[in-house]
Structures are given as structure tokens and as C-alpha cells.
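K.L.:
One structure, pasted below without further comment.
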Amino acid sequence: MIPRKKLSLVRADTGSYVKGKWVEAGHKSINFFSTVQPATGRDLEILPEARRSSDSYVLITDFELRTVTVDRKTNPDIVRLFDEQYEVAHVKRWTNNVRPNYWALVTKVPQ
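In the working numbering, the protein residues as written are 269 to 379.
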């Protein structure tokens, strides 16, 4: 079994449009546990071509991570990993027939 590691993320609260301009509602820091694995070539095919060369990892956790969504008006979670910031690029629900988990692909945020 792959050990789980304590990680932290920054989550933007749902924003809104004010006079036609997007306004962030604020941010909160959240701790969670996850396994961290290198992304495979197949994992990277999910990303747009321009982002496939970014440092990327797969996180498997029972904590639901968020990616960018238009309908919920949210920005992606930013995960702190190896003293760098990684953006949640893709999330899918994954089950091991015991409890639900989330498989997330994270990519390094360009500096």
C-alpha cells in the first residue's frame, strides 16, 4: 500500500460577477491526506498539449479536490507539494469497492 501524505491546499470560495467583472470571494487553507504518484504518459494525455511538459503528479485521496468549473463558478484548488504550487487540472471519482476516492491530476503552477 502506498503511504498517504499530509498535504495542504488553498481553495477559492465561489466568486461572482459585480457590474460585469469577476470578483473573488476569498480563500481558505485546507489540510488533507493523499498518496502522491508521478503522472504517467497516459495521464498527461488528459492535459492540453501546452501543459503536458509541466511537472505533474497524480493524487489519490478521499477528499474531493476541485478543478475549474464554469457552472459552480470556482477556480481550481492549489495544492502545496514539494514546496511548490500545483493546480488541480483534472478530477475523477474512483472507487476501490471499499470507499469512494478521488483521482486528481495536478500540474505545477508556472512562476
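We treat Cβ as the ideally placed atom computed from N, Cα and C, and that holds for glycine.
Can you give me the Cβ contacts of VAL377 inside the same chain, cut-off strictly under 6 Å, excluding the 5 residues immediately before and after it?
P.N.:
As a working note, residue 377 is residue 109 in the sequence shown. Around VAL377: GLN353 and GLU355.
K.L.:
Buried or exposed for PRO344, please, with buried defined as at least 16 other CB atoms from any protein chain shown within 10 angstroms of its CB.
P.N.:
Translated into the one-based positions of the sequence shown, residue 344 becomes position 76. Burial call: buried.
K.L.:
With a cut-off of 8 Å on the beta carbons, I'd call PRO332 and TYR370 a contact; round off their distance for me.
P.N.:
In the sequence shown, counting from the first residue as 1, residue 332 sits at position 64. In the sequence shown, counting from the first residue as 1, residue 370 sits at position 102. The amino acid at residue 332 is misidentified as Pro; the sequence shows Glu. Confirmed, Cβ separation roughly 5 Å.
K.L.:
Roughly how many angstroms lie between the CA atoms of ASP330 and THR282, to the nearest whole one?
P.N.:
By one-based count along the sequence shown, residue 330 stands at place 62. By one-based count along the sequence shown, residue 282 stands at place 14. Taking the straight line from one Cα to the other gives about 22 Å.
K.L.:
Counting beta carbon pairs with one atom in the segment 297-310 and one in the segment 271-280, are three or more of them shorter than 8 Å?
P.N.:
The segment 271-280 is in contact with the segment 297-310.
K.L.:
In the segment 289-332, which residue ranges form an unbroken alpha helix (DSSP H) of at least 4 residues, counting only runs that do not cross its ends?
P.N.:
With a minimum length of 4 residues, the continuous alpha helix (DSSP H) runs that stay inside the segment 289-332 are 309-312.
K.L.:
Beta-carbon within less than 7 Å of ARG367's beta-carbon, same chain only, minus the 5 sequence neighbours each way: which residues are those?
P.N.:
Here residue 367 refers to the residue found at position 99 of the sequence shown. ASP330, listed in sequence order.
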